[in-house]
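Visitor: Sharing a structure below in structure tokens format, with a few things to ask.
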Amino acid sequence: MKQIALDIGLARGATLANFCAGPNEAALAHLRLWAGSPTRSPVPTYLWGAGGSGKTHLLEAVAQALCEQGAACGWLDPSLHEPPEFDESWAVVLMDDVERYSAVQQHAAFNWFVNAQTLQRGVLAAGAAPPADLRLREDLRTRLGWGHVFHLQVLSEPERRAVLRQAADERGIFLGDEVMDFMLTRFSRDLGSLMRLLDQLDGYALQTKRAVTIPLIRSMLENR
Numbered sequence: 029m030k031q032i033a034l035d036i037g038l039a040r041g042a043t044l045a046n047f048c049a050g051p052n053e054a055a056l057a058h059l060r061l062w063a064g065s066p067t068r069s070p071v072p073t074y075l076w077g078a079g080g081s082g083k084t085h086l087l088e089a090v091a092q093a094l095c096e097q098g099a100a101c102g103w104l105d106p107s108l109h110e111p112p113e114f115d116e117s118w119a120v121v122l123m124d125d126v127e128r129y130s131a132v133q134q135h136a137a138f139n140w141f142v143n144a145q146t147l148q149r150g151v152l153a154a155g156a157a158p159p160a161d162l163r164l165r166e167d168l169r170t171r172l173g174w175g176h177v178f179h180l181q182v183l184s185e186p187e188r189r190a191v192l193r194q195a196a197d198e199r200g201i202f203l204g205d206e207v208m209d210f211m212l213t214r215f216s217r218d219l220g221s222l223m224r225l226l227d228q229l230d231g232y233a234l235q236t237k238r239a240v241t242i243p244l245i246r247s248m249l250e251n252r
């Protein structure tokens, strides 16, 4: 059955506390210690894995954690076509989806990396492939791979079901098995998309004062 990938915007903010680690506990524990330390190690960290494994969530969660500490961060992803110069006020540099960087973005990323290392600032990057397989300029690719490297795994279907169930319970939503099956077979199966779908369902159910059922989901799609 064809799956629907919903573009329903960002939902609740990504935090380290609401990251569902599953098999990725080692990476989460590492980032908790690193982000929470007053003297963060300048050794870079690189996360890689398939779409839906939580890479962007973790980068955004680290940015949020540092923001709460009053620390500024540099952020680079493929949507930033004209990256700014490195800012010495940045405590860390965060780079997402590095495998999609243009030549201009690769130049900026390398410059940020060198400046961060010179000033003993942290670097956290993420991509879809291990460092050795990245089709990037060699000086950037090798720097991404010389520190801590974690391979993030996508949660299994039972793990996704458990996370959805817990998140629904926290919102006071009852998700019947048939609704859960519908969500997992008709929509994008990565956890981030499913959690955003749950947020939209929660809002639509409150607005219409109806329980979350398959007819409610269909109604929501028809009225988007």
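Going by our numbering, the letters in the sequence shown line up with residues 29 to 252, in that order. Think of the CB as a built atom: it goes at the ideal place given N, C-alpha and C, for glycine as much as any other residue.
#1: Measuring straight from C-alpha to C-alpha, what distance separates Leu225 and Leu249?
#2: With DSSP run on the structure shown, which of helix, strand or coil describes Val240?
#3: Leaving aside the five residues before and after Arg171 along the sequence, list all residues of the same chain whose C-beta is less than 6 Å from its C-beta, in chain order.
#4: For Leu180, name the three-state secondary structure that DSSP assigns.
#5: Have a look at Leu162, Leu168, Arg163, Ala160 and flag the residue whose alpha-carbon is nearest the alpha-carbon of Val151.
#6: Where in the region 63–128 do unbroken runs of the beta strand (DSSP E), each at least 3 residues long, occur, reported from the N-terminal end onward?
#7: Jot down the residue ranges of each uninterrupted alpha helix (DSSP H) in the region 152–225, minimum 4 residues, whole runs only, in chain order.
#8: Gly41 by DSSP, collapsed to three states: which one?
#9: Taking Cβ to Cβ, would you say Glu127 is nearer than 8 Å to Arg165?
#10: According to DSSP, which residues form a beta bridge with Gly50?
#11: Just how far apart, CA to CA, sit Ala99 and Gln228?
#12: Taking C-beta to C-beta, are Trp76 and His179 nearer than 8 Å?
#13: Taking the DSSP output, what are the residues bridged to Gly150?
Guide: In short, the structure shows the following:
#1: The straight-line gap from Cα to Cα measures roughly 11 Å.
#2: Reduced to three states, the DSSP call for Val240 is coil.
#3: Contacts found: Phe141.
#4: Taken through DSSP and simplified to helix, strand or coil, Leu180 comes out as coil.
#5: Per the Cα distances, Leu168.
#6: Positions of the beta strand (DSSP E) runs, each at least 3 residues long and wholly inside the region 63–128, are given as 73–76, 100–104, 118–123 in order along the chain.
#7: The region 152–225 contains these whole alpha helix (DSSP H) runs: 166–173, 185–199, 205–214.
#8: Three-state DSSP puts Gly41 in coil, outside helix and strand.
#9: For Glu127 and Arg165, no; Cβs fall outside 8 Å.
#10: Paired residues: none, contrary to the question.
#11: Cα to Cα, the separation comes out at about 31 Å.
#12: In contact: Trp76 and His179 (Cβ atoms closer than 8 Å).
#13: Bridge partners of Gly150: Val120.
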